[in-house]
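Below is one structure, written out as structure tokens, with a few remarks after it.
Have a look at this one:
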């Protein structure tokens with residue numbers, strides 16, 4: 001515990017899942033913690049609410065919906081005891097399904113053998129190649145996971161020995177792993193698979209993580225590894241329940257949370273943190289501050305002259321939707337139920353595809369989407385991720401009605417015509433496209449809510465609409481995230497720590513970046529008590 005005459009031991013800027021996680025872990029150690037959130041409720045990207053005026057009983061997830069990342073780091077809710085504060089999750093089974101224009105479908109099951117059986121319906125060669133590919137992905141996962149769960153600034157001997165053991169055990173796969181990590185996601189699919197449905201399914205899945213054409217994008221197949229190891233989860237009652245549980249736990253531990261509190265300055269003097277200043281003029285003092293917000297936003301709030309100019313330049317130029325593409329989000333409230341009759345009839349196995357995450361877009365459509373965005377154009381036939389939260393959790397919409405989560409992940413960040421002119425038109429285009437795949441949208445829309453990159457930037461105080469803060473690449477991981485010189489356990493300003501999706505281990509709702517930042521801040525306080 002800090003003995004200096006300050007209001008708090010640690011102030012956390014940002015009440016998203018990482019900021020709340022940091023606060024909880026510090027609270028477990030008895031630290032005096034203040035979490036400041038600019039919005040009117042906690043959660044940030046991990047939130048939900050009744051946001052469509054025409055449909056006040058349809059629950060909207062304006063950003064994150066699924067919990068694959070939290071399942072990877074399942075120890076976080078267990079360590080924080082969130083189940084005692086209302087947190088509960090359900091698993092989707094199956095998790096993802098690819099819908100091809102010809103009416104065929106390919107399910108990504110949690111069981112890899114069942115996924116191989118799906119692929120075998122199209123190609124026996126592809127099914128065998130898939131199981132061989134999973135050996136490579138398993139090796140990558142066994143190397144990556146131990147390092148994702150520790151502070152990259154520490155020596156981590158135990159984790160490194162685990163990684164070494166994996167490398168030695170699987171040395172015959174090293175050439176394949178190197179090809180995967182240095183090549184593109186598209187290349188990896190084309191090298192291994194022959195059937196257009198298999199190739200398109202792989203492109204549509206990995207396109208969720210980034211540009212499938214980019215060198216180094218082979219690491220996006222971690223999504224496939226996560227899916228098969230951990231499955232896909234949802235928060236029962238909506239994502240806001242996770243954030244509310246974290247907030248409740250923090251307050252139980254003695255922490256304080258203030259919403260509608262915009263931080264305008266992280267106060268530093270002579271290289272040492274002193275506290276924060278809010279937009280309304282209030283100040284709070286503490287020897288340590290954790291930035292649970294975008295690292296660029298955080299570092300630019302530090303008292304002028306305290307952060308080296310070259311590091312401010314470095315974080316400002318860190319890639320955020322750097323290839324010109326970012327997501328569009330359309331939430332749609334229906335007066336009936338969405339259905340997938342054509343695909344379910346062709347399958348004939350009784351699987352309810354409404355409860356899955358549906359991937360819509362051929363290999364060519366995914367490639368064209370990324371290329372169009374680079375030109376500042378809306379794709380002619382954008383590829384789409386579609387989910388029906390009320391199918392898996394009926395309480396999220398009135399009986400007999402659905403809330404639909406429409407997420408085209410590759411749209412231009414800055415289209416030539418501007419989103420103010422295009423927002424409604426492009427939403428219309430996307431919903432028309434969905435009519436070729438699903439029934440129940442046309443003529444059944446009560447209301448809808450649309451957000452593009454500029455809206456994410458404004459609402460979530462992120463950069464260039466990037467929902468993972470910094471693009472996921474091999475050069476922006478570990479201590480290189482968000483940038484060289486900013487990913488270690490210390491910054492030029494003593495007592496300041498980064499703890500958001502823009503730092504290790506990266507994006508996704510999991511609370512790990514906050515946990516690691518809390519450990520760093522706790523060590524700092526101990527050394528300076």
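Residue numbers (the UniProt record's numbering): 1 to 529.
The C-beta atom is built at its ideal place from N, Cα and C for all residues, glycine as well.
- Task: Report the residue from 199, 419, 360 whose alpha carbon sits nearest the alpha carbon of residue 538.
- Result: Here the chain has residues from 1 to 529 only, and residue 538 is not among them.
- Query: At what residues does the alpha helix (DSSP H) containing residue 27 begin and finish?
  - Reply: Going by DSSP, residue 27 is part of the alpha helix (DSSP H) stretching over 17–28.
- Can you name the start and end residues of the beta strand (DSSP E) that residue 451 belongs to? Its beta strand (DSSP E) spans residues 445–451.
- Message: I need the straight-line Cα distance from residue 529 to residue 9, nearest angstrom please.
- Response: One C-alpha to the other measures close to 10 Å.
- Message: Considering only DSSP beta bridges, list what residue 285 is partnered with.
- Response: Per DSSP, 275.
- Distance, residue 160 Cα to residue 47 Cα: Near 36 Å, if we compare the C-alpha coordinates of residue 160 and residue 47.
- Query: Is residue 295 near residue 20, with beta carbons less than 8 Å apart?
  - Reply: No; because the gap between Cβ atoms is not below 8 Å, this pair is not in contact.
- Task: Please classify residue 547: does DSSP put it in a helix, a strand, or coil?
- Result: Examination of residue 547 is not possible in this model, given that the chain is present from 1 through 529 alone.
- Measuring alpha carbon to alpha carbon, tell me which of 43, 510, 526, 484 ends up nearest residue 247. The residue with the shortest Cα to Cα distance from residue 247 is 43.
- Item | Which of helix, strand or coil DSSP assigns to residue 51 | DSSP places residue 51 in coil when its eight states are reduced to three.
- Straight-line CA distance for residue 426 to residue 468? Residue 426 and residue 468: Cα-Cα distance of roughly 23 Å.
- When we look at the beta-carbon of residue 151 and count the other beta-carbons within 10 Å, is it buried (16 or more) or exposed? Under this definition residue 151 is a buried residue.
- Query: To the nearest angstrom, how far is it from the Cα of residue 354 to the Cα of residue 390?
  - Reply: Each residue's alpha carbon lies about 9 Å from the other.
- Between residue 221 and residue 185, is the Cβ-Cβ spacing less than 8 Å? Cβ atoms of residue 221 and residue 185: closer than 8 Å.
- Message: Please identify the residue among 204, 358, 489 whose C-alpha is closest to the C-alpha of residue 369.
- Response: For residue 369, the nearest C-alpha among the options comes from 204.
- Sequence-distant residues of the same chain with beta carbon closer than 6 Å to residue 35, five excluded per side: Closer than 6 Å at the Cβ level, and outside the excluded window around residue 35, lie 12, 15, 19, 23, 257.
- Is it buried or exposed for residue 452, if we count other Cβ within 10 angstroms and need 16 for buried? Residue environment: residue 452 is assigned as buried (16 or more neighbouring CB atoms within 10 Å of its CB, all protein chains considered).
- Item | Option nearest residue 51 by Cα separation, candidates 523, 403, 474, 464 | Ranking 523, 403, 474, 464 by Cα distance to residue 51 puts 403 first.
- Could you say which of 324, 282, 349 lies nearest to residue 463 if we only look at CA atoms? The alpha carbon of residue 463 has as its nearest neighbour, out of 324, 282, 349, the alpha carbon of 324.
- Task: Verify whether the separation of the beta carbon atoms of residue 406 and residue 321 is less than 8 Å.
- Result: Not closer than 8 Å, so no.
- Message: My parser needs the alpha helix (DSSP H) runs of 4 or more residues fully inside the segment 389–445; what are they?
- Response: Listed in chain order, they are 389–392, 419–434.
- Please state if the CB of residue 448 and the CB of residue 332 are separated by a distance shorter than 8 Å. A contact, by the Cβ cut-off of 8 Å.
- According to DSSP, is residue 364 helix, strand or coil? In the structure shown, residue 364 adopts helical secondary structure according to DSSP, grouped into three states.
- Query: Alpha carbon to alpha carbon, what distance is there between residue 335 and residue 440?
  - Reply: Computed Cα separation, rounded: 9 Å.
- Task: Within 10 angstroms of the Cβ of residue 164, are there 16 or more other Cβ atoms? Answer buried if so, exposed if not.
- Result: If you draw a 10 Å sphere on the C-beta of residue 164, you find fewer than 16 other C-beta atoms in it, and that means exposed.
- Within 10 angstroms of its Cβ, does residue 267 collect 16 or more other Cβ (buried), or is it exposed? Burial is judged here by how many other beta carbons sit within 10 angstroms of a residue's own beta carbon; residue 267 has at least 16 and is buried.
- Query: Whose C-beta lies closer than 7 Å to the C-beta of residue 307 among residues of the same chain, with five residues either side of it excluded?
  - Reply: Once the five neighbours on either side are set aside, the close Cβ partners of residue 307 are 299, 492, 493.
- Item | Straight-line Cα distance separating residue 279 from residue 229 | Their backbone Cα atoms lie some 45 Å apart in a straight line.
- To the nearest angstrom, report how far apart residue 79 and residue 144 are at their CA atoms. When only Cα atoms are considered, residue 79 and residue 144 end up about 22 Å apart.
- Is residue 70 buried or exposed, if buried means 16 or more other CB atoms sit within 10 Å of its CB? When all chains shown are included, residue 70 counts as buried.
- Query: Can the beta-carbon of residue 87 be found closer than 8 Å to that of residue 95?
  - Reply: The answer is no: Cβ separation not under 8 Å.
- Item | residue 351, DSSP secondary structure in three states | If DSSP states are grouped into helix, strand and coil, residue 351 belongs with coil.
- With DSSP as the reference, label residue 8 as helix, strand or coil. The answer is coil: DSSP assigns residue 8 none of H, G, I, E or B.
- Task: Can you grab the Cα-Cα spacing for the pair residue 318 / residue 344, in whole Å?
- Result: Approximately 44 Å, taken between the alpha carbons.
- Query: Is residue 309 buried or exposed, if buried means 16 or more other CB atoms sit within 10 Å of its CB?
  - Reply: Counting the other Cβ atoms within 10 Å of the Cβ of residue 309 gives fewer than 16, which makes it exposed.
- Item | Closest by C-alpha distance to residue 288, when choosing among 72, 502, 33, 495 | Shortest Cα-Cα distance from residue 288 to any of 72, 502, 33, 495 involves 495.
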